Amino acid sequence: MQNRDLSPEDYEMLLRLDERVQRKTINTNVLDTLETIDVNDKHLDDQCTICMEKYQDGQQLKLLP
Numbered sequence: 002m003q004n005r006d007l008s009p010e011d012y013e014m015l016l017r018l019d020e021r022v023q024r025k026t027i028n029t030n031v032l033d034t035l036e037t038i039d040v041n042d043k044h045l046d047d048q049c050t051i052c053m054e055k056y057q058d059g060q061q062l063k064l065l066p
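If you want it as structure tokens, here you go:
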């Protein structure tokens, strides 16, 4: 599959394979220990380094280590 174009059937097969992968999640106790900040005017020009979306006023952010 590396040296050819993907077909719709290939895409469907990849989706089915991905369904079998167990998702990794963070323990809520660990999540609760992360610092939370409220987005205000000084953050509005910044964006999330994960999803690349700009922050919106009033959002709450968890600061990752």
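Quick note on our numbering: the sequence shown kicks off at 2 and runs consecutively. For each residue, glycine too, the CB sits at the ideal point set by N, CA and C. Quick caveat, the model's predicted, so the values are computed rather than measured.
{"Query": "How far does the beta strand (DSSP E) with L15 in it reach, from first residue to last?", "Result": "Not the beta strand (DSSP E): L15 falls in the alpha helix (DSSP H), residues 9–20."}
{"Query": "Hey, could you find the ends of the beta strand (DSSP E) T37 is sitting in?", "Result": "37–39"}
{"Query": "Closest to D42 by C-alpha separation, out of E54, C52, Q60, R17, would be which residue?", "Result": "Q60"}
{"Query": "Less than 9 angstroms between the beta carbons of D11 and V40, yes or no?", "Result": "no"}
{"Query": "Using the C-alpha atoms, what's the distance from P9 back to C52?", "Result": "26 angstroms"}
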